Structure formats: structure tokens, C-alpha cells
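According to mature numbering (1 follows the signal peptide of the UniProt record, and there is no 0), the residues represented by the sequence shown are -19 to -1, 1 to 101, in order.
Take a look at the structure below.
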Amino acid sequence: MKTVLAATLLLVAPIAAHAACAATDFAIQDVKVTAVGTGIATRLSVKGKLVNNCAAAAAAQVRVDAKDGSGNVLATKTGWPAGTTNISPGQSVDFDLGRLLHYQSDMQSYSLTVVDVKAW
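Here it is, written out as C-alpha cells:
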């Protein structure tokens, strides 16, 4: 019995040692925010690139915070740039999360943060 337990631990240990991907394993690059259209038809474009720097394929959830000139958060939305598709290690996916936010004329700055990671 002890031999079976020891053999099982030796087989499972390498799997446990390989930590799951974390939010810090992803990078958000090349962010460009623009207002598209005029008047009531104005919408936001929040484009960027999500890069997987993890050793395994995974997806990441990104939070967009829109802030006024004083840094107060006016709106927050989250989205999965790759949907339910994993991004391979070293690969990236382009995204536009602007459609999630309703444009407000006092939006002055934006921050994007990886808030969750999941392997589908």
C-alpha cells in the first residue's frame, strides 16, 4: 500500500509543481483609445493586444476602467478578449473592448488590467 501511495505521489508531484497561469503571466500592449463618431452616436474604441507569457495555453479576463480628469472611475467593464479560446504560450490576440463602455464626454483616461485567468 505504501508503495502505491509513493508511486502516486511521484506521478502527481510534477503536475502540482507546474503552477497554473496567473494574471501576471499576461501582458496588455499597444493600447489605443479613441472616440468614434459624433454626438449621440459616439462610441469608444479600446484596442490593444493581450499576450500570453505563461508556459501553458490559457485565456485572460481584462478589466477596463474609464476615469474622469480627477482619476475617479466613471465606468468599469470586464471582457475576455479571446472569448473561450485559450491563447497559446507566446501568442497574442488583438481586441477592442470599447463596445462594453458607454461613452461619456468626461472620460479622460483609461486603465486596463488582467483580473482573471482560465484554461478552457
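Yeah, the Cβ is synthetic: ideal placement off N, Cα and C, and Gly gets one too.
Fair warning: this is a prediction, and the values are worked out from it, not measured in the lab.
*Answer with buried or exposed for V43, where buried requires no fewer than 16 other C-beta atoms within 10 angstroms of its C-beta.*
V43 comes out buried.
*Best match in A36, G71 and L25 for proximity to I9 [C-alpha to C-alpha]*: Nearest Cα to I9 within the set A36, G71 and L25: G71.
*Taking DSSP as the reference, what is the three-state secondary structure of L31?*
Assigned with DSSP and collapsed to three states, L31 falls in strand.
*What are the start and end residues of each continuous alpha helix (DSSP H) run of 4 or more residues lying completely inside the segment 32 to 74, in chain order?*
Whole alpha helix (DSSP H) segments, 4+ residues: zero.
*Using three-state DSSP, classify A100 as helix, strand or coil.*
For A100, the three-state secondary structure derived from DSSP is coil.
*asked:* Let me check understanding here. Comparing Cα to Cα, which of W101, T94 and T5 lies closest to V45?
replied: Nearest neighbour of V45 by Cα position, chosen from W101, T94 and T5, turns out to be T94.
*asked:* Distance check for V12 and D75, CA to CA, integer angstroms please.
replied: The straight-line gap from Cα to Cα measures roughly 10 Å.
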